[in-house]
Amino acid sequence: MRLKNTLATLVGLVGLAAAMPSYAVGTLWVWDGVTAGGAVLVATDQGGGDGSGLAGKVLNDGSFGSFNFTLIGTTTPLIGSAQSPRQDINSYTLSSNSGGVIWVGFLATDYDVASNANFHMAIGGTTDGKVDAYLWHNANNTSDVNSVVGWSLCANSLGQFSGGAFSGSTDCQFGPDASFSMLNWVRVEHTAGGQLTTLDYLVSVPEPGSLALLGLGLLGLGAVSRRRKA
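Numbering (our numbering), first residue to last: -10 to 219.
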């Protein structure tokens, strides 16, 4: 009986894994807001420039213009899912050698939601300069941040922060799409060298399906426990 149960469990897990969609592919971009050609790709998940190597997480240590940075972008399968998008962009060192502006972008593709979804966007950190945060959505599931085609700005994107610790959050709604992309854009402005900005940017959407699965799992554990006691 135990062998049958074990085999059934393994078959179920294999079937579940086969049914799971591919994870979102994340990329990190930087731009000075001026240079012709737009943003520059600095890291692709498990590809060029990625110092992490983990699926769903890209890490890049580098420099651009007057800025030095350590950028980290995280998405599925580490957090969220293709149907329940969740993205997190961090900067533990975003420092300037002189005054200037840098745009930091984290793009993830291959998201898919069956119905309208409420997205929660939050940002926090510290800055010696100014920080603006934006969330973009593209129903065309594009991997090109420089194309203007299909990109829509969330109407409730966050405004400018300055001077010391900051945090803010807002909600917005996207309609159902067969497959789509999300782009976090953060603009950082420093007025002099030696200034520092740290970022923690999170986008998430409620996961009722995951909660339902968790509930079923707990009910199953309870049933097994009662059977053993009997």
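Ideal Cβ positions, reconstructed from N, Cα and C, are used throughout, including at glycine. If you're wondering where the values come from, they're calculated on a predicted model, not measured in any experiment.
Counting other Cβ atoms within 10 Å of its Cβ, N49 reaches 16 or more and is therefore classed as buried.
Per DSSP, the beta-bridge partners of S141 are H126. Counting only runs of 3 or more residues that sit fully inside the region 153 to 180, the beta strand (DSSP E) segments are 166 to 179, in chain order. The continuous stretches of beta strand (DSSP E) do not include S73, and DSSP gives it neither H nor E. Taking 8 Å as the upper bound for CB-CB distance, W174 and W125 are in contact here, some 6 Å apart. Taking all protein chains shown into account, Q184 has 16 or more neighbouring C-beta atoms within 10 Å of its C-beta and is therefore buried.
Looking at the DSSP output, A97 sits in a beta bridge with G15 and M171.
Here T116 has T186 as same chain residues with Cβ atoms under 6 Å from its own Cβ, once five neighbours each way along the sequence are excluded. The beta-carbon separation of V93 and E178, rounded to 12 Å, does not stay under the 8 Å limit for a contact.
Residue pairing by DSSP places Q149 opposite D121 in a beta bridge. Under the three-state reduction of DSSP output, T59 falls in the strand class. Assignment of D189 by DSSP, reduced to helix, strand and coil, places it in the strand class. Across the set F58, S70 and R75, the C-alpha of F58 shows the shortest separation from the C-alpha of L188. Secondary structure of A44 (DSSP, three-state): coil. V102 has D166 as its beta-bridge partners, per DSSP. Taking the C-beta atoms as reference points, A122 is found no nearer than 8 Å to Q162. Here T131 is not near S85, since their CB atoms are 8 Å or more apart. Taking 8 Å as the cut-off, the beta carbon of T82 is found no closer than this to the beta carbon of G15.
Ranked by Cα distance from G152, the options G36, G118, N129 and A181 are led by G118. For L67, the secondary structure class from DSSP, reduced to helix, strand or coil, is coil. Secondary structure note for T24: it is in no beta strand (DSSP E), with a DSSP letter that is neither H nor E.
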